[in-house]
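*Asks:*
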Amino acid sequence: MSIGQLRVIGLDFVYAVAGATFAAFAWLSLVDRSNPRRFGTGAFYGLIAVSFFGGDRLGDIGNGVLVLALVALGGTGAVGRGATVAGGADGGAGAARHGNRLFLPALIVPVVALAGTLLKPAWIDPKQVTLVSLTIGVLIALAACYAWFRPAPRAPFDEGRRLMDGVGWAAVLPQMLAALGAVFALAGVGDVVGGLAARAIPDGNLFVAVLVYGLGMAGFTIVMGNAFAAFPVMTAGVGVPVLVRGMGGDPALIAAIGMLAGFCGTLLTPMAANFNLVPAVLLDLDRTAVIRAQAPTAVVLLAVNILLIYFLGFRT
Amino acid sequence: MLVLSGIAVVALGFLLRFNPLLVVAVAALVTGLAAGLEPVAVLAAFGKAFNDTRYVTIIYVVLPVVGLLERYGLQERARGLVADMRGATVGRLLLGYMLFRQGTAALGLTSIAGHPQTVRPLVAPMAVAAAERQGFDVGRQERVKALAAGTDNIGLFFGEDIFIAIGSILLIKGTMAQYGYDLAPIQLSLWAIPTAVAALLVHGGRLLWLDRRA
Chain A
91 MSIGQLRVIG LDFVYAVAGA TFAAFAWLSL VDRSNPRRFG TGAFYGLIAV SFFGGDRLGD
151 IGNGVLVLAL VALGGTGAVG RGATVAGGAD GGAGAARHGN RLFLPALIVP VVALAGTLLK
211 PAWIDPKQVT LVSLTIGVLI ALAACYAWFR PAPRAPFDEG RRLMDGVGWA AVLPQMLAAL
271 GAVFALAGVG DVVGGLAARA IPDGNLFVAV LVYGLGMAGF TIVMGNAFAA FPVMTAGVGV
331 PVLVRGMGGD PALIAAIGML AGFCGTLLTP MAANFNLVPA VLLDLDRTAV IRAQAPTAVV
391 LLAVNILLIY FLGFRT
Chain U
114 MLVLSGIAVV ALGFLLRFNP LLVVAVAALV TGLAAGLEPV AVLAAFGKAF NDTRYVTIIY
174 VVLPVVGLLE RYGLQERARG LVADMRGATV GRLLLGYMLF RQGTAALGLT SIAGHPQTVR
234 PLVAPMAVAA AERQGFDVGR QERVKALAAG TDNIGLFFGE DIFIAIGSIL LIKGTMAQYG
294 YDLAPIQLSL WAIPTAVAAL LVHGGRLLWL DRRA
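Protein sequence lines correspond, in order, to chains A and U.
Read left to right, the first sequence gives residues 91 to 406 (this note's numbering).
Read left to right, the second sequence gives residues 114 to 327 (this note's numbering).
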């Protein structure tokens, strides 16, 4: 902060809470004799905890080695699941006893996140206000759970570990894919793809140019798992040189709707792990179930976006 | 052209159902070597980006609360709530959630809901309870769960860009500025509205269609 005396709560706090949570998962996995792979699972969560606590002190190569260790554990089946105390083991009785009060802690998290984001208190780093508020909301909800339901101290972490085991190695896949995107950028993959896309457009054909832009945005997002990686590439390759400068299109409209065409790709790809794979795991569904459910909407919206650019982007 | 080999590794790896962590690590190495980078430089770039994106993994801090509430019967309670609501159908419930998700995302409130914090403990069990009451068989109940997750994504993606200070709007602004186009965020977010309306019509229509076939 500018008036530096005031210490504000920022990402350090969020990462410390996340590190402590994963450290608890690691410990509970290590001592969980029902998990046939308890050492691998414990080490996997332990490394995530190390990353949250000390990632900034490991250096780039140190972090790279940490990732290799995560891949070695997660990629070879060394991460398993412990016995699952079925979600509603005493659920029937609990639901009757606690009634709708059960919803309160669940609502505390979004309400605190909402309040923090809107009020922007001065003691929270303004750039990280949502993540910090979300984390504070979780801590308040946890305290409320202890006060109202009086569980054993380790019970929330046993239950959290049970859900975490369901996610398993997929927990670090979103970060891995983001890191792959960084290597792609370093290697200049985007320039090559943008150049190829630009070459696919016959001279002066506006519709084909818009089509290549929209499909390229979605297609490159499907490969990369993230529209944020596709956007700069397609903008450099097609959006600015062909559509805006070559054909006189509206830069704001082409950029804004181009990004949304990329989002249609996000709905279609297993590479967008946190949106498509992790929820499938959390809901005990087939790996591709969420993508299949989204596909009709995504395909129609991609066509809508391409037509919007074609009909509205070149009116002058 | 050689640098595209990493994309081929990813596509092939996913098709052959190798473990995605291995696939991604190999793809990064192949891409880096194809571009003439030192293996250590690839490792460092990969490690740095992994460390810089830790924020995507913090959402799991919510699991102890969700897990505990589930043990005390949160999912059963969510189902019971639906049983008490007359006229709560799968389609209307999910459409209501879509409106909530898209509306709050348009106000910049993207982190107040999501798969671990709302879909698994609340939305999916409520939708499945309604589906049971409407006589959906088990296979279609699974599809309803998948649609609950998909509805969260679609509401989020096609709501958030209406908010002027969201990451994607700032990325668009920054990218276009490199080419000399100084775009106001409000211009960009206005052009997110037609697609947002289309998303609500297309996906909302699909959700209501669920009821018709019941």
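Heads up, the beta-carbon is just placed ideally off N, CA and C, and yes, glycines get one too.
On a predicted model such as this, the values are computed, not experimentally measured, just so you know.
1. Tell whether a beta-carbon distance below 8 Å holds between I312/A and M361/A.
2. When you compare each of R199/U, A242/U, S281/U, V175/U to L253/A by their alpha carbons, which one comes out closest?
3. Residues in the same chain with beta-carbon distance under 6 Å from T356/A, minus the five sequence neighbours each way, listed in chain order, please.
4. Compute the beta-carbon to beta-carbon distance between V222/A and G100/A, rounded to the nearest angstrom, for a pair I have assumed lies under 8 Å.
5. Just to confirm before moving on: does the CB-CB distance between T223/U and L269/U stay below 8 Å?
6. Cβ of A140/U less than 8 Å from any chain A Cβ?
7. What's the C-alpha gap between I120/U and F353/A?
8. Are three or more beta carbon pairs between the region 275-284 of chain U and the region 299-319 of chain U nearer than 8 Å?
9. Using 8 Å as the threshold, is the region 292-310 of chain A in touch with the region 129-140 of chain U, meaning 3 or more CB pairs across them?
10. Hey, does A244/U have any beta-carbon neighbour from chain A nearer than 8 Å?
11. Quick check on the burial criterion: 16 or more other C-beta atoms within 10 angstroms. Buried or exposed for V104/A?
12. Looking at the secondary structure, which residues open and close the alpha helix (DSSP H) in which P177/U lies?
13. Using only CA atoms, which one of E249/A, T359/A, S141/A lies nearest to V389/A?
14. Is there a C-beta anywhere in chain U that falls below 8 Å from the one on D146/A?
15. Residues of chain A with CB closer than 8 Å to the CB of A312/U, please, in chain order.
16. Please report the Cβ distance between V273/A and I230/A, rounded to the nearest whole angstrom; I am assuming they are in contact, meaning their Cβ atoms lie under 8 Å.
17. If you compare alpha carbons, which of A196/A, I138/A, R382/A is closest to G180/U?
18. Quick check on R233/U: buried or exposed, where buried means 16 or more other Cβ atoms within 10 Å of its Cβ?
19. Cβ closer than 8 Å: which chain A residues qualify as neighbours of A147/U?
20. Give the residues of chain U in contact with L270/A, contact being defined as C-beta atoms less than 7 Å apart.
21. Is the CB of E151/U under 8 Å away from at least one CB in chain A?
22. In terms of alpha-carbon separation, which member of L333/A, A370/A, L137/A lies closest to D265/U?
23. Starting from Y303/A, trace the alpha helix (DSSP H) in both directions and tell me its first and last residue.
24. Where do the ends of the alpha helix (DSSP H) carrying E255/U lie?
25. Grab me the residues of P298/U's own chain with a C-beta within less than 8 Å of its C-beta, minus the 5 sequence neighbours each way, in chain order.
26. Give the range of the alpha helix (DSSP H) segment to which M349/A is assigned.
27. Tell me whether P243/A is buried or exposed, calling it buried when 16 or more other Cβ atoms sit within 10 Å of its Cβ.
28. For I282/U, write down the residues that DSSP places opposite it in a beta bridge.
29. Can you give the beta carbon distance from L115/U to A147/U, rounded, assuming they're within the 8 Å contact cut?
30. Between A311/U and L392/A, what straight-line distance do the alpha-carbon atoms span, to the nearest angstrom?
31. Pick helix, strand or coil for V122/U, following the three-state DSSP scheme.
32. How far does the alpha helix (DSSP H) with L129/U in it extend, from its first residue to its last?
33. Among the candidates A212/A, D146/A, G206/A, whose CA atom is the shortest distance from the CA of R97/A?
34. Which of the three DSSP states is assigned to I230/A in this structure?
35. Are the C-beta of G216/U and some C-beta of chain A separated by less than 8 Å?
36. What's the gap between the Cα of Y236/A and the Cα of D255/A?
*Replies:* Judging by the given coordinates:
1. yes
2. V175/U
3. T311, A317, A362
4. 7 Å
5. yes
6. yes
7. 19 Å
8. yes
9. no
10. no
11. buried
12. 176-184
13. T359/A
14. yes
15. T387, L391
16. Not quite, the Cβ-Cβ distance comes to about 39 Å (not below 8 Å), so this is no contact.
17. A196/A
18. buried
19. A277
20. V137, A140, A141
21. no
22. A370/A
23. 296-314
24. 251-273
25. I277, A278, I282, L283, K286
26. 341-356
27. exposed
28. Looking at the DSSP assignment, I282/U forms no beta bridge with any residue, so it has no partner.
29. 4 Å
30. 10 Å
31. helix
32. No alpha helix (DSSP H) holds L129/U; DSSP gives it neither H nor E.
33. A212/A
34. helix
35. no
36. 23 Å
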